[in-house]
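Report on the structure given below.
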Amino acid sequence: MTPLSPDHAYAAERERSAFFDAVRASTQTMPGLFAWGVVTGAAMMQSGLSLWQSLLMTLVVYAGSAQLAALPLLAAGAPVWVIAFTALMVNLRFVIFSAVIGPHFQHLSWRKRLWYGYNNVDLVMGFFPQRFPAHTVGKPIGKQGYFSGLALSNWLAWQIGSITGILLAQQIPPSWGIGFAGSLALLAIAIPLVKNRPTIVGVVVACTVAVVTVGWPYRLGLVGAILLGIVAAVLTEQRMAAQRGVS
């Protein structure tokens, strides 16, 4: 076996170190992700999906918010276009995630970038830009390791939780209020990530719209809340950037 050159050995060590840094950083989110996965897994079974349909959905779709938005629509027999559009809108935030993180991996092949896109989840967006801000684009050392550590931690916590919920769905009594517990767990993950004015504005607008439109059919109010929250955050960021330019 040909030994690595000093430069390659250094890069490999940096990637390994970054991987374990990411695993340690994401540890705090694991209980919340597991709980949310349990809620989603149980919801799939209780909505009428079979065991194998539920397992396939959690492995392929791998998007808790979209799954929970689609389940009541599936159960109600909503048109396919409504289900697809709702899932698309709920996951619209991933377009922003990709726009932020994608430039860091533009040097990779399209196959690798496609795989990274599948794993570009909320946890990655929460931690990756903190470790590698926009000005580090073009400096790839450590990025693949850090991304992979976050992605693997998220995937394992989610899938273990979701499969647990699928297998134990019939044994979880409604009186446990596990859905509410999952929501609290998500809040514990999300609140620490709200650190700047655009994010705060987006959250306030989205929450307000979601409450006002709670009675809309097919949970379309959720779609509106997401869209308006994103628009509000982007406009706030643009306004702040313009003010910085003037000053």
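For this note's numbering, add 675 to where a residue sits in the sequence shown, where the first one is 1. Yeah, the Cβ is synthetic: ideal placement off N, Cα and C, and Gly gets one too.
Here Ile-758 is buried. Its C-beta has 16 or more other C-beta atoms within 10 Å. For Val-884, same chain residues with a beta-carbon under 8 Å away, outside a window of 5 residues either side, are Gly-896, Gly-899, Ala-900, Leu-903, Gly-904 in chain order. Non-local beta-carbon contacts of Arg-872 in its own chain, meaning distances under 8 Å to residues more than five positions away in sequence, involve Thr-911, Met-915 in chain order.
For Ile-776, the uninterrupted alpha helix (DSSP H) segment begins and ends at 768 to 776. Ala-738 is the residue among Ala-738, Gly-723, Ser-701 whose C-alpha sits nearest the C-alpha of Gly-712.
Distance check between Leu-827 and each of Ala-750, Asp-797, His-782 places Asp-797 closest, using alpha-carbon atoms only.
Note on geometry: alpha-carbon atoms of Gln-721 and Ser-837 lie some 13 Å from one another. Note that the C-beta distance between Leu-825 and Phe-802 is below 9 Å. Just so you know, the alpha carbons of Val-812 and Met-800 end up roughly 15 Å apart. By the CB criterion at 9 Å, Ala-907 and Val-876 fall inside the cutoff.
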